[in-house]
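Beneath this line is the structure, given in structure tokens, with notes to follow.
2 protein chains.
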Amino acid sequence: MKSNGLSQEEISMRLEELNDACQVPWHLEGNTLKKRFAFKNFNAAFGFMTRVAIKAEKEDHHPEWSNVYGRVDVTLTTFDTEGITEKDFAMAAFMDRISGL
Amino acid sequence: MKSNGLSQEEISMRLEELNDACQVPWHLEGNTLKKRFAFKNFNAAFGFMTRVAIKAEKEDHHPEWSNVYGRVDVTLTTFDTEGITEKDFAMAAFMDRISGL
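Residue numbers (UniProt numbering), protein chains in the order written: chain E, 1 to 101; chain U, 1 to 101.
What follows is the structure in structure tokens.
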């Protein structure tokens, strides 16, 4: 199923809702949604990544991400539509929920 | 235990040995050792990352790495000595051995 791209207005509204719930906000960069997660160590960071990886496979929606020790930098976008979709917001909310940060 | 930095000559020799065994070579960039691993899909890429993560914790020697779908870009260096050490070569050889590529 192809996800539809969101309008700029919809993206702003969804971003505000998303960031209401957490201390470190997601931000927009081009057609992507970005956030840095800072965990206390590598075990915590990779535990988080593993839970996200399993979810990503289930949803067939994969992040771009990098990791060094306790830090995980995430970029979300939907390649099909070359923009941010509901799938990205759903994945972002999942990450916030399980991060424990 | 602090690992000792290797001389440029030692690094060149070890790099040649390392790359003898695999198709896609590691290369030097500044004080780091880099390689891109290309897996067939995300499941294979993250499976590889998980095995490396467990090894990294055991050795207390962690990579910098990024992933998107089947691609894993790895950077190895030893922060203590600000250079490449035996630990980096051991980790690189482990990655090659388990990658199945």
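Note that CB positions come from ideal geometry on N, CA and C, so glycine has one too.
- Contacts with chain U at 9 Å (Cβ-Cβ) include Ala53 of chain E.
- Here the segment 38–53 of chain U lies against the segment 63–75 of chain U, with 3 or more beta-carbon pairs under 8 Å apart.
- For His61 of chain E, there are no C-beta contacts with chain U under 8 Å, since the nearest C-beta of that chain is about 10 Å from it.
- Taking the C-beta atoms as reference points, Ile98 of chain U is found nearer than 9 Å to Phe48 of chain U.
- Counting along the chain, Lys35 of chain E sits inside the beta strand (DSSP E) bounded by residues Thr32 to Ala38.
- A buried status is given to Lys87 of chain E, since no fewer than 16 other beta-carbon atoms sit within 10 Å of its beta-carbon.
- Excluding sequence positions up to five before and after Ala56 of chain E, its CB lies within less than 8 Å of the CB of His62, Pro63 and Met91, all in the same chain and listed in chain order.
- Selection U:Val52, U:Lys34, U:Val24 and U:Ala21 evaluated against Ile84 of chain U yields U:Lys34 as nearest (Cα-Cα).
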